[in-house]
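*Asks:* I am attaching a structure below and will ask some questions about it afterwards.
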Amino acid sequence: MTNKAHTNTMEIALQDASLDIWDTKYRLKTKSGEAVDANIDGTYQRVAKALSSVEKGKAKQEKYYQEFLWALRQGVIPAGRIISNAGAQDHKPATSTINCTVSGSIVDSMDDILGKVHEAGLTLKAGCGIGYEFSTLRPKDAYVSGAGAYTSGPLSFMDIYDKMCFTVSSAGGRRGAQMATFDIGHPDVVEFIRAKREDGRLRQFNLSLLITTEFIEAVKADKPWSLSFPIMQRELEQDNLDLTDKSLIIWRDLPHSLGYVENEEGLVACKITKTLPARRLWDIIMSSTYDYAEPGFILIDKVNEMNNNWFCEDIRATNPCVTADTWVQTEHGARQVSSLLGQQIKVLVDGQLHLSGAQGFFQDSN
């Protein structure tokens with residue numbers, strides 16, 4: 253790379269709208285609103301200096317500073333938290349340069365549920381989006397022996413996360429971004445699918461189902477589909493359950509045992525609470541996605557099959573964001589998400605146009 257290349261800047265000037273977005277969302281300012289970045293090149297210099305500062309030695313830092321600065325001036329756009337927060341520690345030390353995160357598995361205990369709320373609050377405060385799987389929690393009306401009471405179910409705990417996200421994002425002036433995933437075989441899956449039919453509920457969440465290959469095949473073959481939840485050893489003994497009773501017990505391949513009853517093959521014993529036609533559940537999903545554009549589909553078996561880290565992890569949740577440069581097919585042809593923010597649009601899905609919600613795509617904390 254030549255010195256001449258280092259001094260080149262973009263030949264196409266930034267649009268007024270681009271400069272306005274930069275000034276509003278990414279320009280570093282003091283608490284009184286005074287600009288720290290004198291201009292957009294000042295932002296480039298701040299980011300380049302922060303990214304190169306991790307190198308050892310002044311010579312290496314200067315080399316990579318020039319490399320990063322050249323790339324930024326040529327139109328490279330890092331993740332939003334990098335532009336906003338890199339080199340900004342003196343003004344906002346609690347923020348992060350990471351856009352996308354996923355929570356660890358939420359263990360089915362009050363300590364861990366509330367502990368993960370705390371972790372998520374700090375994550376959102378730092379400006380990151382976060383995803384969680386909630387189908388690790390016992391279904392509504394399941395007995396909690398430690399409390400001597402019946403649980404209110406995972407959706408009620410999602411309400412707590414929702415209110416936390418709203419409060420934290422309101423304090424920071426940005427809309428928080430959360431993704432909730434839910435297993436297609438969980439007893440409360442229908443309530444999850446229909447959650448947003450209740451006005452104002454879970455508005456700080458995107459919702460997606462963890463769809464298994466087994467469920468897809470059951471829909472194709474018009475087979476029954478069992479909703480079930482894993483059995484703890486204590487429950488097995490107290491309720492005197494018969495693990496050979498196929499009308500009551502189903503063995504599932506779940507990524508985490510969490511103290512559940514397992515067989516020699518590593519399959520988890522799950523107690524069936526309800527059985528319904530797979531196509532009936534499919535129709536409920538389709539109805540909700542047509543009316544509310546949620547829940548989304550995550551073909552979780554395929555995700556893990558194609559995961560390069562398959563040998564050391566099982567993916568059960570995702571980050572909520574769609575990047576601004578994602579292309580979608582609309583009634584006016586292919587458009588990038590960044591050009592559709594805040595607009596109600598018609599999006600082409602499977603050959604048909606579907607009307608979005610009133611806000612269309614929205615800008616989140618990332």
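So for the sequence shown, this note's numbering puts the first residue at 253; every next one is plus one. Glycine is no exception: its CB is placed at the ideal position from the N, C-alpha and C atoms.
(1) Could you tell me the boundaries of the beta strand (DSSP E) in which Val580 lies?
(2) Under three-state DSSP, which class holds Phe444?
(3) Rounded to a whole number of angstroms, what is the C-alpha to C-alpha distance between Lys523 and Pro476?
(4) Please report the Cβ distance between Thr388 and Leu510, rounded to the nearest whole angstrom; I am assuming they are in contact, meaning their Cβ atoms lie under 8 Å.
(5) Quickly, what does DSSP pair Lys281 with across the bridge? List them, please.
(6) Alpha carbon to alpha carbon, how far is Leu366 from Asn351? Give it in angstroms, no decimals.
(7) When the Cα of Ile567 is compared with those of Asp553, Trp579 and Val580, which residue comes out closest?
(8) Whose C-alpha, out of Lys448, Asp293, Phe320 and Ile597, is nearest the C-alpha of Val306?
(9) Which residue's Cα is closest to the Cα of Ile358: Gly518, Gly585, Met410 and Phe467?
(10) Pro391: which of Arg427, Ser355, Val420 and Pro439 sits nearest, CA to CA?
(11) Is it right to say Lys256 is buried, meaning 16 or more other beta carbons lie within 10 angstroms of its own, or is it exposed?
(12) Between Gly428 and Leu376, how many whole angstroms is the CB-CB distance? I'm expecting something under 8 Å.
(13) Is Ile483 closer than 7 Å to Leu432 when the C-beta atoms are compared?
(14) Can you determine whether any heavy atom of the ligand FAD sits closer than 6 Å to the C-beta of Val589, and answer yes or no?
(15) Determine which residues share a DSSP beta bridge with Lys668 and list them.
(16) Is the separation between the beta-carbon of Ile550 and that of Ser460 shorter than 7 Å?
(17) Would you give the residue range spanned by the beta strand (DSSP E) that Lys523 belongs to?
(18) Check whether the region 481–495 touches the region 458–472, counting contact only when three or more Cβ pairs, one atom from each stretch, lie closer than 8 Å.
(19) DSSP puts Pro547 in a beta bridge; with which residues?
(20) Assuming Gly381 and Asn571 form a contact by the criterion Cβ under 8 Å, report the distance between their Cβ atoms to the nearest whole angstrom.
(21) Starting from the N-terminal side, write out each stretch of the alpha helix (DSSP H) that is 4 residues or longer and does not extend beyond the region 280–363.
(22) Could you check if Gln267 is buried or exposed, using at least 16 other CB atoms within 10 Å of its CB as the buried criterion?
(23) Asn458 lies in the beta strand (DSSP E); which residues open and close that run?
(24) Using C-beta distances below 7 Å, list every residue in its chain close to Val420, excluding the 5 sequence neighbours before and after it, in chain order.
(25) In chain order, what residues of the same chain have a beta carbon less than 7 Å from the beta carbon of Val369, not counting five sequence neighbours either side?
*Replies:* According to the data block:
(1) Here the beta strand (DSSP E) through Val580 covers Trp579 to Thr582.
(2) DSSP places Phe444 in helix when its eight states are reduced to three.
(3) Rounded to whole angstroms, the gap between the alpha carbons of Lys523 and Pro476 is 16 Å.
(4) Contact flag correct, Cβ pair sits at about 7 Å.
(5) Lys281 pairs with Ala287.
(6) Asn351 and Leu366: Cα-Cα distance of roughly 23 Å.
(7) Taking only the C-alpha atoms, the option nearest Ile567 is Asp553.
(8) Taking the Cα of Val306 as reference, the smallest distance to any Cα among Lys448, Asp293, Phe320 and Ile597 is reached at Phe320.
(9) Of Gly518, Gly585, Met410 and Phe467, the residue nearest in Cα terms is Met410.
(10) Distance check between Pro391 and each of Arg427, Ser355, Val420 and Pro439 places Pro439 closest, using alpha-carbon atoms only.
(11) At Lys256 the pLDDT is 45, less than 50, meaning the model places this residue with poor confidence; the figure from the coordinates comes in the next sentence. Looking at its Cβ environment, which holds fewer than 16 other Cβ atoms inside 10 Å, Lys256 is exposed.
(12) Indeed, because the Cβ distance is near 5 Å, the residues count as touching under 8 Å.
(13) Reading off the sequence, residue 432 comes out as Ala, not Leu. No, they are not a contact pair.
(14) With respect to the ligand FAD, the structure shown offers nothing to examine, as it has no ligands at all.
(15) The structure shown does not extend to residue 668, since the chain is modelled only from 253 to 618, so the question has no answer here.
(16) Contact flag set, yes.
(17) That run of the beta strand (DSSP E) goes Val520 to Pro529.
(18) Taking a cut-off of 8 Å for Cβ pairs, the region 481–495 and the region 458–472 do not touch, as fewer than three such pairs fall below it.
(19) Its beta-bridge partners do not exist; DSSP assigns none.
(20) The pair is a contact, with the Cβ atoms about 5 Å apart (cut-off 8 Å).
(21) Taking only runs of at least 4 residues, the alpha helix (DSSP H) segments lying wholly in the region 280–363 are 292–304, 310–325 and 332–337.
(22) Exposed is the call here.
(23) Element bounds for Asn458: Phe457 to Ile463.
(24) Correct list, in chain order: Gly373, Leu376, Lys377 and Gly428.
(25) Short of 7 Å from the beta carbon of Val369, and not among the five residues preceding or following it, lie these beta carbons of its own chain, in chain order: Ile412, Tyr413 and Met416.
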